[in-house]
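Each residue of the sequence shown is one higher than the last, beginning at 471 in our numbering. Note that the Cβ used here is the ideal one computed from N, Cα and C, for glycine as well. Comments concern the structure below.
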Amino acid sequence: MEIEKKENREESPDNESCFSSITNLSAWFRSDSMAHLRPLKITTVGDGMVGKTCLLITYTANSFPEEYVPTVFDNHATIITVDGKEYNLTLWDTAGQEDYERLRPLSYPNTDCFLICYSISSRASFDNVLSKWYPEVRHFSPNVPIVLVG
Numbered sequence: 471m472e473i474e475k476k477e478n479r480e481e482s483p484d485n486e487s488c489f490s491s492i493t494n495l496s497a498w499f500r501s502d503s504m505a506h507l508r509p510l511k512i513t514t515v516g517d518g519m520v521g522k523t524c525l526l527i528t529y530t531a532n533s534f535p536e537e538y539v540p541t542v543f544d545n546h547a548t549i550i551t552v553d554g555k556e557y558n559l560t561l562w563d564t565a566g567q568e569d570y571e572r573l574r575p576l577s578y579p580n581t582d583c584f585l586i587c588y589s590i591s592s593r594a595s596f597d598n599v600l601s602k603w604y605p606e607v608r609h610f611s612p613n614v615p616i617v618l619v620g
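Below you can see the structure in the form of C-alpha cells.
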C-alpha cells in the first residue's frame with residue numbers, strides 16, 4: 471500500500487493489537503470502494519504538551535509552530551493519495567488537559583483511526599498511554615485502529 475500526501479490545507483499496548491490495528495486500517499483502504507468519497511478521520515489523543523498539535527501542523531502545513539498554545543479542539547485537513555485514489559484526510563486535535571476530559575470524547579464518533587501520542591522525553595506521558603489513553607479510546611471506540619506515536 472502506497473500513501474502519498476497530495477496537497478496541504480489547514481483548517482480551524484501490546485505489539486499484537488498494534489499490528490492488527492494497522493492491518494485493519496490497511497484493509498479499510500483496500501476494501502471500502504466508496505471510502506475515498508468521504509473524509510478519513512484521524513483523532514489524536516495524549517497528554518498536554520506532548521506535541522500533538524505540532525505533529526498535525528507540521529504534516530498539513532509544512533511548518534513548525536514556534537510558540538505553545540494549548541488546544542481545546544482543532545481540525546486540520548489535507549488530501550492524500552493511497553494506491554492511486556485521493557482521500558480527504560481530517561485530523562482532529564484534542565485537548566490533553568484534565569479540564570477537558572468530559573468534552574474530549576465528543577470528538578471520537580466516526581473516527582477511522584486514533585493516534586495515541588506521548589513525549590519520548592516524558593516517562594509520565596508514556597505511562598499514561600496504558601493507564602489513561604488506551605482505556606479511554608477503547609471505552610468509547612472499541613474496534614477502531616490505534617497507532618502509538620512517540
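(1) Taking contact to mean at least 3 C-beta pairs separated by less than 8 Å, is the segment 556–566 in contact with the segment 522–532?
(2) Measuring CA to CA, which of G521, W603, R508 is closest to K555?
(3) Under 8 Å between the Cβ atoms of C587 and L525?
(4) Within the continuous alpha helix (DSSP H) that includes D597, where are the two ends?
(5) What first and last residue would you give for the alpha helix (DSSP H) that runs through V607?
(6) Note down, in chain order, each residue of its chain lying with its Cβ closer than 7 Å to the Cβ of G521, except the 5 sequence neighbours on either side.
(7) Between V617 and the rest of its own chain, which residues show a CB-CB distance below 6 Å, the 5 nearest in sequence each way excluded?
(8) In this structure, does DSSP put E536 in helix, strand or coil?
(9) Please report the straight-line C-alpha distance between E571 and V552, rounded to a whole angstrom.
(10) For A565, count neighbouring Cβ atoms within 10 angstroms of its own Cβ and tell me buried if that reaches 16, exposed if not.
(11) Would DSSP call Y529 helix, strand or coil?
So, to answer that:
(1) Short answer: they touch.
(2) R508 is the residue among G521, W603, R508 whose C-alpha sits nearest the C-alpha of K555.
(3) In contact: C587 and L525 (Cβ atoms closer than 8 Å).
(4) Here the alpha helix (DSSP H) through D597 covers 593–598.
(5) For V607, the enclosing alpha helix (DSSP H) has its first and last residue at 604–610.
(6) The residues are C587, S589.
(7) Closer than 6 Å at the Cβ level, and outside the excluded window around V617, lie L585.
(8) Looking at E536 - three-state DSSP - the assignment turns out to be coil, as it is neither helix nor strand.
(9) Taking the straight line joining both Cα atoms gives about 34 Å.
(10) Counting every other CB atom within 10 Å of its CB across the protein chains shown gives A565 a total of 16 or more, marking it as buried.
(11) Looking at Y529 - three-state DSSP - the assignment turns out to be helix.
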